[in-house]
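Below is one structure, written out as structure tokens; comments come after it.
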Amino acid sequence: MTELPAAPTDRRAEAPPDGRPLDGFAVGDLAAGGDVAEVAATATRLLGDLGARVLRHAPGAGRGPGLVPPLTVDGVDLGRAVADVGAEPVALSDSPGDQDPHAVLAALAGTGGGVDAVVVDLATYRALDVPAVRAAHPHLVLAVVSPFGSTGPRADWVASERTLYALDGSLSRSGRPGAVPLLPPEGIGTFTAAVHLAWTVLVAVGRARRTGRGQVLDVSVHEAMSVGLDPAFGTQGSAAAGRSGPFRRDRPPADSYPVFACADGHVRLCLLAKRQWRAMLAWLGSPAELADPALDTIAGRARAADVLHPRLAALFADRDGADLVAEAASRGIPLAQVLTVADVLHTPHFAQAGSLVDLPLGGGRVARTAAGPVVVDGVRLGAGPGARGVPAPRHVPPPRRLAADPADLPLAGVRVLDLGVIVFGAEVGRALGDLGADVVKVESLDFPDGLRQTFRGEAMNASFAWGQRNKRSLGLDLRSSEGAALFRELARDADVVLSNFKPGTLASLGIDHAALAAANPGIVVVESAAFSSGGEWARRLGYGPLVRAACGISGLWRYDADAVDCWDGVTVHPDHVAAKVAALAVLALLERRERTGRGGAIEVAQSDVVLAQLAPWIAAESARPGTLRARGNAGRGLLAGDVVACLGDDEWVVVDARTPAELAALAQVVGTDAGAGRAVVEEALHAWAAARTPLEAATVLQAEGVPTAPLLRLPELKDDPQLVHRGTYRALRHPLVGDLPTEDASAAFEDLPPLPVAPAPLVGEHTRAVLEAHGTTPEEVERLLATGVVHEGAPAGVPA
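Once you know that position 545 of the sequence shown is 1582 in my numbering, the rest is easy, because the numbers rise by one and skip nothing.
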């Protein structure tokens, strides 16, 4: 086997100059034995990467089946090994008294200055005397995480990640039209929920540190996946933004980002802009049958696929993928190889960027796995011994910017200049704006945000309305020297700058962290791109579909390992979860700024977020090459599990028996015996389900303790009884788009004011207000408008 490229140490060996963002914070994990162990462990690991001390209690009896089955290689649970890096075990005796949750909480509270937050599963929470806990630990944030939340019609349902894919809408649009729906790859759903849990905990801990009051959080994995993985009512990709019409009932074709065979594998093409298509047309030799101007649009190319795709297939067939990607880059065409996880382990870029690190497995064994996805001040953060500082005092004096009044939203007073575009760029700023930050979207008419495109020239699309709510718009030409200078002036009074351009773009404009911090040492600057700036792919053209292809997810999103087609073409993953990782890092740096007065530079590459999701699988492939192959809907090590057709047209249910007891219950319901073998049970299951609706089948099997869920389609989520009970969605009213369901807080906070829902702005709608609030005179604003340095509104004929 080819030796793995060595990972550099300079990007992860030393703490950032001002310390890790969450030095002095501590979080406990009491969910290690519950059904959400993976989510809790990954969430606390993410906080640990940012510098928090992680204290984990693992009961001697081990954990249950969990949302995903343990990934074990040579006796090592790799999921747990990845999550446990840097965590400190809370050692108690095996006596029954020491397993009492109050005893464990007391042990955590007495360890090295106590903890800010403790994550518990629902069973542990229900065993607690909560008033007694509050009295003993008034500052404590108690985060209760469960598959569906503590209340609601599904509160006591059992779940696996596979059944939650059915309920969150992602399964309904995954797979070949007319065929069985295809479950997304294992792990991305639970990782998404873990990021949401970490975010929710840090929001509550920051609030507790400033008010002295803790609270209980009720976090639902189902809800987190519904709004965070590939949301029905949230920002969509630029290809989707330009479409119109209702949601499809069946699986949509994955024709926007087609995959083609090449000499040594497959490549994925991602043509969005007209200039990219024209470059591709030239590469094809400008054949007459492709000269129709209608092909300048995504929809036009989809309609001409029967003519276009054979031409593309012939062009790519005889050349190696790396050569094709290199030539495409020279022509300005977005193209990526569809790599396997095994390929990722041997790709120089990821080693150069510090995206891969060694994971000790015990007994002198080591596997390579993903590092932390966040780089701060040029240093990749990752949990490890000695990474954290001394616990800080429980109550911090009122901060310079962050809200201290209990009636305020957590980020009231924080000023954000948002240069972000498309999905990732929209979602980071939206997350901060939802918490009360004043987010100003800085945009240009000459280089418009691709998310503003519409199908028929409408003033705004729903995707933009979702992603840009709670923001104001400043029209500014950053490419003019005066425009860049004006941005620097605005940044003197700002707290956060957000961007997701190619690495080096902010520096070329003179507005990177180094330039802005010279005048404002407290500023936090986020830069994100498809690939990390530390490797040879730093400036590679990259959209979500290309990131997924290059990091191994697309290759797993297939019906089987030998299939050509990848069925992740309609998802916007990982934009939403990567954006929440970046927003989490912003919160952490704002907390550090309260201690040190200094901001910092954050880098979050989307590719690093994808690798973090696949970390256990990367470790497995490293330890035992050949482990990871696309499995389609086949369960990994499960006794029975499938996507099963039900009564009606294109109606499905996901059934996931994980244990002998669940298999026996399933077999009894469908009229057979578990001892007859998996094939017999599954045949009986398919016949039984065919006579029932998905909800009927799920209700019967759930009553017997078998994880089962009906496939829900996107429009159905807003009326889903569990999500309605949870208050997952509320109305977003926009004069140009109408009423839309939109995400609310997506967790039950005891102490959080109602979140704002201000409508998304038109281009330059708030230019005058932003400049005049900064101190620019009306006369100077008029001059800037006249010279084109700034603009307001949109001229006739230009979509706003």
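No residue lacks a Cβ here, since even glycine has one placed at the ideal position from N, Cα and C.
Closest in C-alpha terms to D1395, from the list A1660, D1414, T1542, comes A1660. Unbroken alpha helix (DSSP H) runs of no fewer than 4 residues, entirely contained in the stretch 1606 to 1663, are found at 1612 to 1633, 1643 to 1650, 1652 to 1660, following chain order.
Going by C-alpha positions, E1741 is about 37 Å away from L1084. At a Cβ-Cβ threshold of 8 Å, V1458 and L1513 do not count as neighbours.
Considering only L1583, G1589, A1657, the residue with the shortest C-alpha distance to Y1294 is L1583. Straight through space, the alpha carbons of W1574 and D1442 are spaced by roughly 45 Å. In the displayed model, A1468 falls within a helix according to three-state DSSP.
Residue environment for S1545: exposed (fewer than 16 other C-beta atoms within 10 angstroms of its C-beta). With respect to V1064, V1238 sits close: the two C-beta atoms are nearer than 8 Å. Per DSSP, the continuous alpha helix (DSSP H) segment holding T1824 begins and ends at 1815 to 1824. The DSSP-derived three-state label of K1311 is helix. The Cβ neighbour count for L1511, taken over all protein chains shown within 10 Å, is at least 16; the residue is labelled buried. Counting every other CB atom within 10 Å of its CB across the protein chains shown gives R1312 a total below 16, marking it as exposed. If you ignore the 5 residues before and after L1201, its C-beta comes within less than 8 Å of the C-beta of L1104, P1184, G1226, V1258, H1259, M1262, A1746, all in its own chain and listed in chain order. Counting along the chain, the unbroken alpha helix (DSSP H) around D1121 starts and ends at 1115 to 1121. Contact check for R1509 and P1798: beta-carbon distance about 6 Å, within the 8 Å limit, so the pair qualifies.
Annotation: the continuous alpha helix (DSSP H) that includes G1581 extends over 1581 to 1588. With a beta-carbon spacing of about 7 Å, L1266 and H1613 fall inside the 8 Å limit used to define contacts.
Per DSSP, H1771 is not a residue of any alpha helix (DSSP H); the beta strand (DSSP E) it occupies stretches across 1766 to 1771. Under the three-state reduction of DSSP, A1785 is assigned to strand. Contact between the stretch 1356 to 1371 and the stretch 1628 to 1641 is absent: fewer than 3 CB-CB pairs across the two stretches fall below 8 Å. Residue environment analysis places E1809 among the exposed positions, since fewer than 16 neighbouring C-beta atoms fall within 10 angstroms of its C-beta. Inter-residue distance for A1552 and T1813 is about 22 Å (C-alpha atoms, whole angstroms). Non-local beta-carbon contacts of Q1650 in its own chain, meaning distances under 6 Å to residues more than five positions away in sequence, involve G1224, I1225, F1228 in chain order. In the structure shown, A1746 adopts extended strand secondary structure according to DSSP, grouped into three states.
Within a 10 Å sphere around the beta-carbon of T1824 sit fewer than 16 other beta-carbons, which makes this residue exposed. By the criterion of at least three beta-carbon pairs nearer than 8 Å, the stretch 1495 to 1506 is not in contact with the stretch 1517 to 1526. Runs of the alpha helix (DSSP H) lying entirely within the stretch 1156 to 1186, each at least 4 residues long, are 1159 to 1163, 1167 to 1173 in chain order. Annotation for T1542: the continuous alpha helix (DSSP H) segment containing it runs 1542 to 1546. R1286 sits away from D1756, with the two beta carbons spaced by 8 Å or more. From the listed residues A1784, L1700, A1169, A1652, the smallest Cα separation to V1761 is found for A1784. For A1373, the secondary structure class from DSSP, reduced to helix, strand or coil, is strand.
Taking a C-beta distance under 8 Å as the contact criterion, V1607 and R1210 qualify as a contact pair. Excluding five sequence positions before and after P1347, none of the CB atoms of its chain fall closer than 8 Å to its own CB. Per the DSSP secondary-structure output, W1689 pairs in a beta bridge with A1682.
Looking from the CA of F1297, the closest CA among A1080, A1373, V1411 belongs to A1373.
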